[in-house]
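Numbering (the UniProt record's numbering), first residue to last: 1 to 109. First comes the structure, then the notes that go with it.
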Amino acid sequence: MHSHDDEAKFMPDLKEAAPEMVSAFFGFDKVVFDKNTGNLDLATRELIAVGVAVTTQCSYCIEDHGKRAVKAGASKAAVAEAVMVAAALRAGGGITHGWKAMKSIAEHE
Numbered sequence: 001m002h003s004h005d006d007e008a009k010f011m012p013d014l015k016e017a018a019p020e021m022v023s024a025f026f027g028f029d030k031v032v033f034d035k036n037t038g039n040l041d042l043a044t045r046e047l048i049a050v051g052v053a054v055t056t057q058c059s060y061c062i063e064d065h066g067k068r069a070v071k072a073g074a075s076k077a078a079v080a081e082a083v084m085v086a087a088a089l090r091a092g093g094g095i096t097h098g099w100k101a102m103k104s105i106a107e108h109e
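Laid out in structure tokens, this is it:
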């Protein structure tokens, strides 16, 4: 797990090493989370971000997008549902990957 506060001080190093790419990333991120962009409202996009952050286990993103979802109009219950949808998909992935274990056993019987 990474410590956002301890490691964020290295952002200038990343910008210096890959300035065009870092700039493109932040431009893309700005457009994705612009309340006046796209067909999905900002609260919905933030709820998607919460779910993805839970799945990727990015603690900074979980905190940031959870707060931003509520600020954009999502309820606490909606954030909780986004978390549970992400948890269900992550658990489902574990089950379906478990099929591989069963397949490998069956192939060697």
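Quick reminder that beta carbons are idealized off the backbone N, C-alpha and C, glycines included. None of these values were measured; they are calculated from a predicted model.
Note to self: Please list the terminal residues of the continuous alpha helix (DSSP H) segment that includes Leu14.
What the structure shows: Start and end: Met11 to Ala17.
Checklist line | Backbone secondary structure at His108 - three-state DSSP | finding: DSSP places His108 outside both helix and strand once states are collapsed to three, so it counts as coil.
Item checked: Span of the alpha helix (DSSP H) around residue 134 -> Outside the shown range of the chain, which is 1 to 109, sits residue 134, and nothing can be said about it.
Next item on the list: Please go through the same chain and pick out, in chain order, the residues whose beta-carbon is closer than 7 Å to the beta-carbon of Ala74, but skip the five residues on each side of it.
Entry: Ala43, Glu46 and Leu47.
Item checked: residue 129 - containing alpha helix (DSSP H), residue span -> Past the boundaries of the shown model lies residue 129; the chain is included only from 1 to 109, so the question cannot be answered.
Next item on the list: Return the CA-CA distance between Ala86 and Ala49, expressed in angstroms with no decimal places.
Entry: Their Cα atoms are separated by approximately 10 Å.
Check: Using the rule of at least 16 other Cβ atoms within 10 Å of the residue's Cβ for burial, across every protein chain shown, is Ala24 buried or exposed?
Finding: Counting Cβ neighbours within 10 Å, Ala24 comes out exposed, since fewer than 16 surround it.
Next item on the list: Leaving out five residues on either side along the sequence, give the residues of the same chain with a beta carbon under 6 Å from the beta carbon of Lys35.
Entry: These residues qualify, in order along the chain: Leu42.
Item checked: Ala74 (DSSP reduced to helix, strand or coil) -> In this structure, Ala74 counts as coil in the three-state DSSP scheme.
Next item on the list: Just the C-alpha distance for Gly38 and Val31, rounded to the nearest angstrom, thanks.
Entry: Gly38 and Val31 have their C-alpha atoms some 9 Å from each other.
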